[in-house]
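Student: Residue numbers (UniProt numbering): 1 to 761.
Backbone N, C-alpha and C fix where the C-beta goes; we use that ideal spot for every residue, glycine too.
Only a predicted model underlies this, so the values are computations on that prediction, with no experimental measurement involved.
1. Would you mind reading off the limits of the alpha helix (DSSP H) that contains residue 392?
2. Does the separation of the CB atoms of residue 664 and residue 617 fall below 9 Å?
3. To the nearest whole angstrom, what separates the beta carbons of residue 112 and residue 93, a pair I think is in contact under 8 Å?
4. Which whole runs of the beta strand (DSSP E) in the segment 606-661 are 3 residues long or more, in chain order?
5. Do you know whose CA, among 363, 356 and 284, lies nearest residue 334's CA?
6. Under the assumption that residue 378 contacts residue 145 (Cβ atoms under 8 Å), give the Cβ distance between them as a whole number of angstroms.
7. For residue 677, collect the residues of the same chain with a Cβ closer than 7 Å to its Cβ; drop the 5 residues on either side in sequence, then sort them by chain order.
8. Whole-angstrom Cβ separation of residue 435 and residue 407, contact assumed at under 8 Å?
9. Under the rule that 16 or more other beta-carbon atoms within 10 Å means buried, what is residue 688, buried or exposed?
10. Give the list of continuous beta strand (DSSP E) stretches no shorter than 3 residues that lie fully inside the segment 531-599.
11. If I'm right that residue 124 touches residue 110 with Cβ under 8 Å, what's the distance once you round it to whole angstroms?
12. Tell me whether residue 674 sits in a helix, a strand or coil according to DSSP, three-state version.
13. Can you give me the C-alpha to C-alpha distance between residue 723 and residue 511, rounded to a whole angstrom?
14. What separation, rounded to the nearest whole angstrom, lies between the Cα atoms of residue 668 and residue 437?
15. With respect to the alpha helix (DSSP H) encompassing residue 243, which residues constitute its N-terminal and C-terminal limits?
16. Can you tell me whether residue 284 is helix, strand or coil according to DSSP?
17. Starting from residue 720, trace the beta strand (DSSP E) both ways and give me its first and last residue.
18. Name the residue from 254, 324 and 282 whose alpha carbon lies nearest to the alpha carbon of residue 300.
19. By the DSSP assignment, the alpha helix (DSSP H) with residue 305 in it spans what residues?
20. Please confirm if the segment 248-268 is in contact with the segment 308-315, defined as three or more CB-CB distances below 8 Å between the two stretches.
21. Measuring CB to CB, does residue 169 end up less than 9 Å from residue 246?
22. Expressed to the nearest angstrom, what Euclidean distance is found between the alpha-carbon atoms of residue 552 and residue 535?
23. Sort out for me which residues DSSP pairs residue 159 with in a bridge.
24. Given 8 Å as the limit, is there contact between the segment 276-292 and the segment 56-66, that is, 3 or more CB pairs closer than that?
25. Would residue 465 pass as a contact of residue 571 if the rule is Cβ separation under 9 Å?
26. Which one of 416, 210 and 260 has the shortest CA to CA distance from residue 237?
27. Cβ of residue 168 within 8 Å of any heavy atom in the ligand FMN?
28. Give a yes or no on whether the C-beta atoms belonging to residue 36 and residue 157 are separated by under 9 Å.
29. What three-state label does DSSP hand residue 354 in the structure shown?
30. Quick one: grab the DSSP three-state call for residue 83.
31. By Cβ distance, which residues of its chain are closer than 6 Å to residue 260, with the 5 residues on each side in sequence left out?
32. Go through its chain and collect everything with a Cβ distance to residue 446's Cβ below 7 Å, but skip five positions before and after it.
33. Using CA coordinates, which residue listed in 417, 467 and 578 is at the minimum distance from residue 371?
34. Which value, in whole angstroms, describes the spacing of the CA atoms of residue 479 and residue 563?
35. In whole angstroms, what separates the C-alpha of residue 462 from that of residue 685?
36. Measuring only the C-alpha atoms, how far is residue 649 from residue 483?
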């Protein structure tokens, strides 16, 4: 019998040892590497402040609010990173520390003075930081969450106040540094209470057991779970130090809810409730967060401030009893208001359409699971000020209008083709159908620059002043059907200069020109600009029957804006791992696709569209000397309203239509152009004055005859030509030259075409 009993004891011991080893291996494996699924964080471009920056005080304040900065009263000292004060155009900022991956910036104080919407002074207030350019932490514009919807910001013990760890131990597990994962006295006490109540109503979990339960097990109060919890806690203690366990606990615990997003860990909770990093937490804030461990919902300071205050003060008393703080510190903290900030935007996605663009770019190279669990830090080109300007442009246009209208807007930087803003619908905060990326609609007259560019690439046949026929015509399609294009005004003309045919968007002249050039030639130009190939090629493509999305139009027009260089549009600048390793960068890729001379001439003609053609209404919002180049687009029955335009530094494409494809009642100039004007008026723009390439020469032309003339002739125009294509024949002055003094004759110069148009129109 003794032998059998011994065998049973040995078998039990072996089984117990195996059970313990099983949990030992499980715990060790899970805690190595990345034990948590971390959401990816997507950031906008950082705002860089320097003397000479064009920015209105209101725009700076809007961006600070998007960043989650808290406003302090004027004259109050800024004590916490992420705070600011404003008096007129003078801002005092206490910038947050931020790790950009390639640069780690400390928290710092600066003073910024803005005068007449220009930064006139940037003065560091800390002696250790004396840079002339101040790079602020960027707006967190979105997250890609794991399926659990758990969100956390990992922190190390070194990144938290010493008092936080000591308070957690004092409140949750005073014997933490004495036990080996399990507090047997506490368990015995809990067993007696549970037997008395005849249910598992009380536990005696140590910090280590709580960590094991939260990390590995369900929340059910069952005996088998408690046994597993005990083994796992022992395994944690064998494999990891007390500091490692405490740090893991601080990152794991649940501390509240933000919609579907679960707030875990003190790193995120400090920001969620107080708008600051854990290192900046004060005594009363530490007490509140630790007190919430008992019941994050019951002691939610936003929902139940009175209960939260009582719980916080109870914790403060414990901190005093455990000699963590003095009695005077306790009394002072007890009198302090909760100090919880308004719910921050960081858990939400303020710009869902742009985030949709970012996600699509990422999914070309990463699995969706990796995006949601690896804790990637993704830096983008989104400019919050440009985004807000685009949204304001839509909102201003929509005042008092039909709510059935929808929008697609893309704004990009001419120098890099980085997409700075995107609007995919009139509901800016709702992540629904993204019309900027997916609304494939006929582009109308936006196609015409490709037709005229194709012609100007044949300088032996066409120049800006070549005469085009605008007489009505009938075109036979490949299927035998007859197509008879008409001008918007239903009129036809005998002949018009080539530049004027584009400026006034004449359909008949454009179709005649395109048919003479050949559809295949025009299609080749469209492909070089960035449009996907069109098949089959039909004459109606010359008037924009081809269907494109706003982002595709922006890509094509960028090739014109950049002087013929094709640069793929991009939203992402760089991606970093949580360990600050560069996962990927997105360098600029440039390819010369179009000849610079014809592109220069086409750009000049697009400027005449705005100065003297269908885009003249733009002067209501933008000064003429900005010299915007642009093109309106309108489709059959006024179903689509388009405008694409660019300054020297910024390009924007606007589409307006309806999801049911019914008429909008808007042309390009009465719809999309007005949104374009509003959004560009809110931004700093550089006047468009492209340098003429080497292939360009200028000729002084008589506008009435189209022939060369004397520079002193009244009305003479300086017109650009591809070298060798300007007229050979000479015309005498059509009007007599006035006799003037030598000084006046020196001042007499031929007007450039664009300047002449400004006077005539």
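Tutor: Taking the coordinates as given:
1. The count along the chain shown starts at 1 and reaches residue 392 at position 392. It spans 384-398 - the alpha helix (DSSP H) in which residue 392 sits, taken as one unbroken run.
2. Position 664 of the chain shown, counted from the start, is the residue given in the question as residue 664. Position 617 of the chain shown, counted from the start, is the residue given in the question as residue 617. Not closer than 9 Å, so no.
3. Position 112 of the chain shown holds residue 112. Position 93 of the chain shown holds residue 93. Contact flag correct, Cβ pair sits at about 7 Å.
4. 629-634, 641-646 and 650-657
5. The count along the chain shown starts at 1 and reaches residue 334 at position 334. The shortest C-alpha separation from residue 334 is found at 284.
6. Position 378 of the chain shown holds residue 378. Position 145 of the chain shown holds residue 145. Not confirmed; about 14 Å, so no contact.
7. On the chain shown, position 677 is the one that residue 677 refers to. 618, 620, 621 and 622, listed in sequence order.
8. Residue numbering aside, residue 435 sits at position 435 when the chain shown is read from its first letter. Residue numbering aside, residue 407 sits at position 407 when the chain shown is read from its first letter. Yes, they are in contact, since the Cβ atoms of residue 435 and residue 407 sit about 7 Å apart, within 8 Å.
9. Numbered from 1 along the chain shown, position 688 holds the residue referred to as residue 688. Under this definition residue 688 is a buried residue.
10. 572-576 and 582-585
11. Taking the first residue of the chain shown as 1, we reach residue 124 at position 124. Taking the first residue of the chain shown as 1, we reach residue 110 at position 110. Yes, they are in contact, since the Cβ atoms of residue 124 and residue 110 sit about 5 Å apart, within 8 Å.
12. Mapped onto the chain shown, residue 674 falls at position 674. DSSP places residue 674 in helix when its eight states are reduced to three.
13. Within the chain shown, residue 723 is the residue found at index 723, counting from 1. Within the chain shown, residue 511 is the residue found at index 511, counting from 1. C-alpha separation (whole angstroms): 27 Å.
14. Within the chain shown, the letter at position 668 stands for residue 668. Within the chain shown, the letter at position 437 stands for residue 437. Roughly 20 Å between the two C-alpha positions.
15. Position 243 of the chain shown, counting from 1, holds the residue named residue 243. Counting along the chain, the alpha helix (DSSP H) containing residue 243 begins and ends at 242-252.
16. Along the chain shown, one-based indexing puts residue 284 at 284. Helix at residue 284.
17. Indexing the chain shown from 1 puts residue 720 at position 720. Residues 717-722.
18. Along the chain shown, one-based indexing puts residue 300 at 300. When only C-alpha atoms are compared, the closest one is 254.
19. Along the chain shown, one-based indexing puts residue 305 at 305. Looking at the DSSP string, the run of the alpha helix (DSSP H) that includes residue 305 is 305-321.
20. no
21. As a working note, residue 169 is residue 169 in the chain shown. As a working note, residue 246 is residue 246 in the chain shown. Yes, they are a contact pair.
22. For the purposes of this step, residue 552 is taken as the residue at position 552 of the chain shown. For the purposes of this step, residue 535 is taken as the residue at position 535 of the chain shown. Residue 552 and residue 535: Cα-Cα distance of roughly 17 Å.
23. Within the chain shown, residue 159 is the residue found at index 159, counting from 1. Note: residue 159 sits in no beta bridge, so no partner.
24. no
25. Here residue 465 is taken as the residue at index 465 of the chain shown, counted from 1. Here residue 571 is taken as the residue at index 571 of the chain shown, counted from 1. Contact: no.
26. Position 237 of the chain shown, counting from 1, holds the residue named residue 237. For the residues 416, 210 and 260, the minimum Cα distance to residue 237 belongs to 210.
27. The ligand FMN is not part of this structure, which contains no ligands at all.
28. Position 36 of the chain shown holds residue 36. Position 157 of the chain shown holds residue 157. Contact flag unset, no.
29. The count along the chain shown starts at 1 and reaches residue 354 at position 354. DSSP places residue 354 in helix when its eight states are reduced to three.
30. Taking the chain shown and counting its residues from 1, the one referred to as residue 83 is at position 83. Note: residue 83 maps to strand in three-state DSSP.
31. On the chain shown, residue 260 is found 260 positions in, with the first residue counted as 1. 149, listed in sequence order.
32. The residue labelled residue 446 in the question sits at position 446 within the chain shown. Contacts found: 544, 553, 631, 633, 642 and 644.
33. Taking the chain shown and counting its residues from 1, one reaches residue 371 at position 371. That would be 578, whose Cα lies nearest to the Cα of residue 371.
34. Counting from one through the chain shown, the residue named residue 479 turns up at place 479. Counting from one through the chain shown, the residue named residue 563 turns up at place 563. The straight-line gap from Cα to Cα measures roughly 38 Å.
35. Numbered from its first residue, the chain shown carries residue 462 at position 462. Numbered from its first residue, the chain shown carries residue 685 at position 685. So the alpha carbons of these two residues sit roughly 33 Å apart.
36. Reading the chain shown from its first residue, position 649 is the one you call residue 649. Reading the chain shown from its first residue, position 483 is the one you call residue 483. For residue 649 and residue 483, the distance between alpha carbons rounds to 40 Å.
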